[in-house]
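S.K.: The opening residue of the sequence shown carries number 1 in UniProt numbering; numbering runs sequentially from there.
Each residue gets a CB set at the ideal place from its N, CA and C atoms; glycine is no exception.
Source: prediction; values computed, not measured.
Provided herewith is a single structure, encoded as structure tokens, for subsequent inquiry.
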Amino acid sequence: MKLQHHLGGIENLGPVSTETRVFVEPWEKRIFGIHTVMMAESAHLSDAIHAYPVKELPTSFKNDWTWASLRTGAEDMQPFEYFKYRYYEKWLGGISQFFIDQGYISAEELGEKTAFFRANPDAALPEKPNEAIGAQIGAYLQKGDSGAHALDGATRFKAGDTVRIADPDAVDHTRLPGYLRNKTGLVDLVYPGAFSYFVSTGPDGIGEPMPVYRIAFDAAHIWGSGKSEEHTTIYADLYEAYVLPAH
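Below, the structure is given as structure tokens:
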């Protein structure tokens with residue numbers, strides 16, 4: 001999570017939205033639906049814990065698409081551009097650019113279709129019902145694409161250990177909140193099993209299944225006593241790749 005995508009502790013960014021609705025505008029549901037269908041048809045599901053018949057699906061979509069794909073697209077936005085757009089507008093931008101980059105549609109074609117529906121907002125959208133894809137989406141929503149693997153060996157740390165958080169080089173996508181880098185915390189819980197992520201983050205360290213820890217941090221140690229309420233603890237679930245011995 002790069003700066004603009006995880007703002008814990010950053011000051012002077014204006015008022016914080018307290019909106020509690022998941023979807024504020026009707027079109028946001030459609031964007032969420034497109035993303036969900038892409039994940040349900042993603043090629044990587046062939047190797048998921050719950051195996052899916054992805055190769056037999058009657059679809060022209062043949063790429064990997066995961067939450068990491070969506071987040072990487074948002075994190076790659078220029079920060080000032082990032083703050084201009086609503087949450088699902090960022091999703092739409094990332095999805096649209098992905099389809100252009102992968103050759104499913106050209107920028108010119110997308111521009112033409114956008115212009116058409118702006119001029120004809122009541123025009124019927126393409127509709128191609130497909131029972132096989134519908135069943136795949138239903139199975140994906142129930143089973144997902146990740147879960148705990150059997151742990152091969154012992155964990156490096158146990159509950160009660162004092163640990164330090166790593167500061168790896170920046171990569172396209174990371175699961176380490178920036179404000180926790182180089183901070184010291186206490187292992188509060190060791191989750192049973194080992195966990196993988198949707199994609200390898202390369203030098204960042206996420207790849208093969210590994211233990212995940214819930215680590216407790218004193219808020220004052222993270223943001224300073226002047227910016228934290230007393231007796232406040234911050235908890236973070238972190239992959240073992242990000243956790244180092246305290247000394």
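For GLY73, count neighbouring Cβ atoms within 10 angstroms of its own Cβ and tell me buried if that reaches 16, exposed if not.
M.R.: buried
S.K.: Evaluate GLN78 with the Cβ neighbour count: other Cβ atoms within 10 Å of its Cβ, from every protein chain shown; 16 or more gives buried, anything less gives exposed.
M.R.: exposed
S.K.: What does the alpha-carbon distance come out to for the pair VAL54 and ALA246?
M.R.: Each residue's Cα considered, the two are about 44 angstroms apart.
S.K.: Can you tell me whether VAL24 is buried or exposed, with buried defined as 16 or more other CB within 10 angstroms of its CB?
M.R.: exposed
S.K.: Do you know offhand how far THR36's Cα is from GLY226's?
M.R.: A straight line joining the alpha-carbon of THR36 with that of GLY226 spans about 42 angstroms.
S.K.: What's the gap between the Cα of TYR85 and the Cα of ILE222?
M.R.: 29 angstroms
S.K.: Do you know how far the Cα of SER228 is from the Cα of TYR239?
M.R.: In a straight line, the C-alpha of TYR239 is about 26 angstroms away from that of SER228.
S.K.: Among residues of its own chain, excluding the 5 on either side of ALA148, which ones have a beta-carbon nearer than 8 angstroms to its beta-carbon?
M.R.: TYR191, PRO192, GLY193, ALA194 and PHE195
S.K.: Taking ASP47 as the reference, which of THR232, PHE61 and VAL199 has the closest Cα?
M.R.: The shortest Cα separation from ASP47 among THR232, PHE61 and VAL199 belongs to VAL199.
S.K.: Runs of 3 residues minimum, wholly inside the stretch 194-230: which ones carry the beta strand (DSSP E) assignment?
M.R.: 212-218
S.K.: Three or more C-beta pairs closer than 8 angstroms, one from the stretch 175-186 and one from the stretch 100-107: is that the case here?
M.R.: no
S.K.: Could you give the distance in angstroms between the alpha-carbon of ILE31 and the alpha-carbon of GLU89?
M.R.: Computed Cα separation, rounded: 9 angstroms.
S.K.: Taking the DSSP output, what are the residues bridged to ALA148?
M.R.: BP columns for ALA148 point to PHE195.
S.K.: Do you know whose CA, among GLN136, MET38 and ILE49, lies nearest GLY94's CA?
M.R.: Comparing Cα-Cα distances from GLY94 to each of GLN136, MET38 and ILE49, the minimum goes to MET38.
S.K.: So ARG164 is in the beta strand (DSSP E); what residue range does that whole segment cover?
M.R.: 162-165
S.K.: Rounded to a whole number of angstroms, what is the C-alpha to C-alpha distance between ASP167 and ALA241?
M.R.: 10 angstroms
S.K.: Starting from GLY185, follow its DSSP beta bridges and name the residues at the other end.
M.R.: VAL163
S.K.: Under a Cβ-count criterion, where at least 16 other Cβ atoms within 10 Å of its own Cβ denotes burial, should ARG21 be classed as buried or exposed?
M.R.: exposed
S.K.: Quick check: the stretch 123-134 against the stretch 152-162, are there 3 or more CB pairs under 8 angstroms?
M.R.: no
S.K.: Let me know if ARG118 comes out buried or exposed under the rule of 16 or more other beta-carbons within 10 Å of its beta-carbon.
M.R.: Of the other Cβ atoms in all chains shown, fewer than 16 fall within 10 Å of the Cβ of ARG118; this residue is therefore exposed.
S.K.: Helix, strand or coil for ALA119? Go by DSSP, reduced to three states.
M.R.: Three-state DSSP puts ALA119 in a helix.
S.K.: Roughly how many angstroms separate the alpha carbons of TYR140 and GLU230, rounded to a whole number?
M.R.: If you take the alpha carbons of TYR140 and GLU230, they lie about 43 angstroms apart.
S.K.: Quick check on VAL190: does DSSP put it in helix, strand or coil?
M.R.: strand
S.K.: Counting along the chain, where does the beta strand (DSSP E) carrying TYR235 start and finish?
M.R.: 233-239
S.K.: Could you say which of HIS50, GLY224, GLY185 and ALA219 lies nearest to LEU244 if we only look at CA atoms?
M.R.: It is GLY185.
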